[in-house]
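Taking it in order: structure first as structure tokens, then the write-up.
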Amino acid sequence: MALAFAIGSSCFLVGPFPGYASLVGDTADAVTFFVGSIFFTVGGALQSSLAYAERHEPGSGHAAWWAAAIQSAGTLFFNVTTYRALHTALSSPEYNRLVWRPDAFGSVCFLVSGAIAYRASPRLGKLGLRPAHTVRGWWEPGVNLLGCVFFGVSAVAGYVVPAAGSPLDLAAANFNTSLGALCFLGCALATLRSGRTLKSARHRRLAWLEHRRASG
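Residue numbers (the working numbering): 2 to 217.
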């Protein structure tokens with residue numbers, strides 16, 4: 002799961018850079034986004050399979066399932082839009098200089114999924130907004146949610162800014178796509194390194210137990 006997310010995030014990290022598109026060409030750039038969306042879907046499917054067995058468990062298990070399922074739905078929207086971008090690159094002599102913007106529906110799914118995952122993670126404070134630093138990987142839900150926000154900003158910027166706008170105008174969409182992908186990549190690499198993630202219902206429950214023991 003983490004490897005799939007890492008590869009997919011890497012594709013979305015480099016794809017929006019104008020220098021990358023100039024280096025590899027429009028078609029290869031569109032292929033990069035499409036391949037990245039496929040790996041996102043694979044990662045989402047594996048995450049959903051991990052959470053499926055505990056989908057009826059109250060608390061973290063239930064939240065992990067819904068977060069994974071909604072995120073997986075979002076990756077399918079990205080599959081569609083990246084395929085359309087690839088088709089355009091193959092058939093049109095003038096490729097959209099926006100390269101690709103996160104799909105609005107996919108971005109909403111990611112935001113909802115990220116919010117559920119963050120809500121289910123150990124937190125501190127009266128409003129429960131601050132992450133609890135007492136658990137391993139405490140920062141992952143917050144960084145993941147931040148990545149979802151960046152994708153959402155990119156989606157809005159992509160619809161507001163004309164595809165034929167100046168490179169400076171288009172930077173808002175492309176730059177936020179790369180920032181969101183960087184957040185997802187950081188979480189994926191951390192999971193690869195540690196072998197643990199709060200995306201897993203079992204690990205999230207262990208994190209809650211660690212937090213409760215540390216807080217007395």
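Idealized CB from N, CA, C, for every residue including glycine.
In the same chain as Gly148, and ignoring 5 residues on each side of it, the C-beta atoms closer than 6 Å to its own belong to Gly181, Cys184, Phe185, in chain order. Assignment of Asp27 by DSSP, reduced to helix, strand and coil, places it in the helix class. Of the candidates Gln72, Phe35, Ala31, Gln72 places its Cα closest to the Cα of Gly44. Taking 8 Å as the upper bound for CB-CB distance, Ala5 and Leu47 are in contact here, some 6 Å apart. Around Gly153, the same chain offers Ser108, Leu112 as residues with beta carbons nearer than 6 Å, after the five sequence neighbours per side are excluded. Judged by their CB atoms, Ala90 and Asp27 are nearer to each other than the 8 Å cut-off.
Taken in chain order, no unbroken stretch of alpha helix (DSSP H) lies wholly in the segment 37-67 with a span of 4 residues or more. In the three-state scheme derived from DSSP, where H, G and I count as helix and E and B as strand, Pro142 is classed as helix.
In the three-state scheme derived from DSSP, where H, G and I count as helix and E and B as strand, Ser11 is classed as helix.
Sorting Leu193, Met2, Gly37 by C-alpha distance to the C-alpha of Val15 places Gly37 at the top. In this structure, the beta-carbon distance from Tyr160 to Ala105 falls below 8 Å. Between Asn80 and the set Gly196, Phe40, Val144, the nearest pair of CA atoms involves Phe40.
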